[in-house]
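To start, the structure under review is shown below, and the notes come after it.
Residue numbers (my numbering): -16 to 101.
Pasting the structure below:
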């Protein structure tokens, strides 16, 4: 299953990996983890294939170390059929509540074509 494959590859980079959203208990500790999620499915007009899109969000207090995005890309594109979605990766910043800590987040988008179930 693709989600399990993604999770296993991301855990090779960071032991704290979550699907969909972070465990609320984690907000009480450091914000240093990876979250991934599905975003869309494109149903191709030929009705023989679909394309799954998903995002990986690297979240770190202060800043994301150089090179971690390349490591995520390398690990995920090693999964059969997974490639970059062809869109720019985007940074976002928030302040951790009740602190002066800035949290940097980077979103990287991936895609995978597969045979349609229709």
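Backbone N, C-alpha and C define an ideal beta-carbon position, used for all residues, glycine too.
- Ranked by how close their Cα comes to the Cα of residue 18, the residues -2, 26, 98 and -16 have -2 in first place.
- With contacts defined by Cβ atoms closer than 8 Å, residue 35 and residue 51 do not form a contacting pair.
- When DSSP states are grouped into helix, strand and coil, residue 8 belongs to the helix group.
- By the beta-carbon neighbour count (other beta carbons within 10 angstroms, threshold 16), residue 77 is exposed.
- Straight across, the Cα-Cα distance linking residue -8 with residue 82 is about 32 Å.
- Look at residue 68 here: in three-state DSSP terms it is coil, with no helix or strand label.
- Looking from the CA of residue 42, the closest CA among 5, 69 and 80 belongs to 5.
- Listed as beta-bridge partners of residue 90 by DSSP are 40 and 73.
- Contact between residue 69 and residue 96 does not hold, since the beta-carbon distance rounds to 13 Å and is not under 8 Å.
- Taking a 10 Å sphere around the C-beta of residue 16, we find 16 or more other C-beta atoms and assign the residue as buried.
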